[in-house]
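Engineer:
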Amino acid sequence: MVATSGEQPDVDWITALVTRTYAEHLTAMEFGVALKAHINNYGCTEQQMRLVASTLLRFATASSVPERRLLQCLETLVKAEVLRWAVFIEVIAEFRHFSRVPCVETLAVILQNSVPLLRCSYTSERECAELSAALITVLNWCLLALEYSLKNDTSRGTQALIKCTCAYAESKFVRAMLYLHERIGGDSVNYVVEAAISFSQSYPACEELKTMTESLRRIGTSPVEKIDDNLCGLIKQLDAKESLGEELVASQAFFYVKLPQIVKHLLALGAPITDLTTALATICDNKTLLNQVDMKTKTNTLQHLLEQMAAAGVIDDVIVKNLLEKRFIFKRSECLVYTSK
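Residue 271 in the UniProt record's numbering is what sits at position 271 of the sequence shown, and the numbering runs on without skipping anything.
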């Protein structure tokens, strides 16, 4: 993430940089080089980076025809991970000149194409909360723009906005984020669904609106299959980490605090099973640490956890077998070396 070094520079440099990018027809790469040079010399706060993004958007959509080069620069910021996805989405949602139909259409396409790239750190509660709130914002923006588009019969804008909304509504990651956002006390997406229903009733000839409404209805449901009692019990056990004392040594703290937290987020956010197995395989490689944990707990703690997960249906017996073999390879080799001496 962008850091701050030295005194805070005046924000005039942001306008100057974007103006230069526009006037000199800088490419996204050239813009990135210029921005990096400034950051290396003066630093840049998150607030200033957000202002860079907002200024790029403002310049790019100043007329009815969007300046695509500047929008590419905006996309480069988030793809280079100097701008968080939550900020990227919120900045685009600041655009309110819906009469500039080509701009609306282009922004809708950018948002739609961003869906497969969306991510946040599973272990950062703040980052996940901010992204889930931003997802609510972008759905609201789509409906506001869609309302204008429908009233003014701008078919291309309407189609782009419907496709964008459906892309978010049908994304398993987005649905998981919004589902959890509401469960922890965030804004409900019900008003978005109600607005979509109202649109489809007001414009019955638009079949795409009906499809969009059905997609939005599914946001309020769990993004994962029905969870049985065993899995619920496992997740509750993982939550017990909060009651552990500070006297745990580093090895135990990792296993009983960090690992359950990671597993809990992977399960609750509907992460792919490949992500979970990759994480577990990485843990198996930390054999010295696991050996220390086993010595303190007087049991095979990893095997116990894997058996719990298998019983809950999170992973199958084949995965358990492969992971345990990976876990025990070093132990067996140690024994062979020891007995050969």
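Where a beta carbon is used, it is the ideal one built from N, C-alpha and C, also for glycine.
Below 8 Å between beta carbons: does that hold for Val193 and Leu216?
Structural biologist: Residue mapping note: residue 193 aligns to position 193 of the sequence shown, counting from 1. Residue mapping note: residue 216 aligns to position 216 of the sequence shown, counting from 1. Cβ atoms of Val193 and Leu216: closer than 8 Å.
Engineer: Quick one, are the C-beta atoms of Lys326 and Ala281 less than 8 Å apart?
Structural biologist: Along the sequence shown, one-based indexing puts residue 326 at 326. Along the sequence shown, one-based indexing puts residue 281 at 281. The answer is yes: Cβ separation under 8 Å.
Engineer: As a quick exercise: from Ser171, Lys172, Tyr148 and Phe173, pick the residue whose alpha carbon is nearest that of residue 360.
Structural biologist: With the chain running from 1 to 341 in the structure shown, residue 360 is simply not present.
Engineer: To the nearest angstrom, how far is the alpha carbon of Thr165 from that of Glu182?
Structural biologist: Here residue 165 refers to the residue found at position 165 of the sequence shown. Here residue 182 refers to the residue found at position 182 of the sequence shown. Distance between the alpha carbons of Thr165 and Glu182 is about 19 Å.
Engineer: Drop a sphere of 10 angstroms on the beta-carbon of Ala205, count the other beta-carbons inside from all chains shown, and report buried for 16 or more, exposed for fewer.
Structural biologist: Residue numbering aside, residue 205 sits at position 205 when the sequence shown is read from its first letter. The residue is exposed, with fewer than 16 neighbouring Cβ atoms inside 10 Å.
Engineer: Check for me: the alpha helix (DSSP H) holding Gly157 runs from which residue to which?
Structural biologist: Translated into positions along the sequence shown, residue 157 becomes position 157. Ser155 to Ala169 is the extent of the alpha helix (DSSP H) around Gly157.
Engineer: Could you give the residue range of the alpha helix (DSSP H) that holds Ala62?
Structural biologist: As a position in the sequence shown, residue 62 is number 62, starting the count at 1. Note, Ala62: premise wrong, no alpha helix (DSSP H); not H, not E.
Engineer: Work out the CA separation of Arg126 and Glu247 for me, nearest whole Å.
Structural biologist: Stepping through the sequence shown from its first residue, residue 247 is reached at position 247. Stepping through the sequence shown from its first residue, residue 126 is reached at position 126. Confidence is the limiting factor: at Glu247 the pLDDT is only 38, short of 50, which leaves the residue's position unreliable, though a coordinate-based value still follows. Their backbone Cα atoms lie some 27 Å apart in a straight line.
Engineer: Would you kindly work out how many angstroms separate the C-alpha atoms of Val189 and Ala195, rounded to a whole number?
Structural biologist: Stepping through the sequence shown from its first residue, residue 189 is reached at position 189. Stepping through the sequence shown from its first residue, residue 195 is reached at position 195. Cα to Cα, the separation comes out at about 10 Å.
Engineer: Tell me which same chain residues have a C-beta within less than 7 Å of the C-beta of Cys73, skipping the five on either side of it?
Structural biologist: The count along the sequence shown starts at 1 and reaches residue 73 at position 73. Taken in chain order, the residues that qualify are Thr21, Ala28, Phe31 and Leu56.
Engineer: From Val101, Gln112 and Ala311, pick the residue whose C-alpha is nearest to that of Glu75; which is it?
Structural biologist: As a working note, residue 75 is residue 75 in the sequence shown. Answer by Cα proximity: Gln112.
Engineer: Based on Cα-Cα distance, which residue from Val115, Gln201, Arg119 and Val101 lies nearest to Asp153?
Structural biologist: As a working mapping, residue 153 is identified with position 153 in the sequence shown. It is Val101.
Engineer: Near Leu323, what residues of its chain come up, given a Cβ to Cβ distance below 7 Å and the 5 sequence neighbours on each side ignored?
Structural biologist: One-based indexing of the sequence shown puts residue 323 at position 323. Taken in chain order, the residues that qualify are Leu280, Ala281, Cys284 and Leu306.
Engineer: Whole angstroms is fine: what's the gap from Leu135's alpha carbon to Ser54's?
Structural biologist: For the purposes of this step, residue 135 is taken as the residue at position 135 of the sequence shown. For the purposes of this step, residue 54 is taken as the residue at position 54 of the sequence shown. Taking the straight line joining both Cα atoms gives about 18 Å.
Engineer: Measure the Cβ-Cβ separation of Ala145 and Val91 and say whether it is below 8 Å.
Structural biologist: Reading the sequence shown from its first residue, position 145 is the one you call residue 145. Reading the sequence shown from its first residue, position 91 is the one you call residue 91. No, they are not a contact pair.
Engineer: Sorted by chain position, which residues of the same chain lie with C-beta nearer than 6 Å to Val200's C-beta, five sequence neighbours on each side aside?
Structural biologist: Start at 1 with the first residue of the sequence shown, and residue 200 comes out as number 200. It should be pointed out that residue 200 corresponds to Ser in this sequence rather than to Val. Taken in chain order, the residues that qualify are Leu209, Lys210 and Thr213.
Engineer: Let's test the definition: count the other Cβ atoms within 10 Å of the Cβ of Gln48 and tell me whether it reaches 16, buried, or not, exposed.
Structural biologist: Translated into the one-based positions of the sequence shown, residue 48 becomes position 48. Burial call: buried.
Engineer: Taking DSSP as the reference, what is the three-state secondary structure of Tyr148?
Structural biologist: Here residue 148 refers to the residue found at position 148 of the sequence shown. Tyr148 falls in the helix class under three-state DSSP.
Engineer: Taking the C-alpha atoms as reference points, what is the distance between Gln292 and Thr278?
Structural biologist: Sequence index remark: in the sequence shown, residue 292 carries index 292 (1-based). Sequence index remark: in the sequence shown, residue 278 carries index 278 (1-based). Rounded to whole angstroms, Gln292 to Thr278 spans 22 Å at the Cα level.
Engineer: Evaluate Met295 with the Cβ neighbour count: other Cβ atoms within 10 Å of its Cβ, from every protein chain shown; 16 or more gives buried, anything less gives exposed.
Structural biologist: Sequence index remark: in the sequence shown, residue 295 carries index 295 (1-based). When all chains shown are included, Met295 counts as exposed.
Engineer: Would Phe98 pass as an interface residue toward chain D - the criterion being a Cβ-Cβ separation below 8 Å?
Structural biologist: Considering every chain present, this structure includes no chain D. It has just one protein chain.
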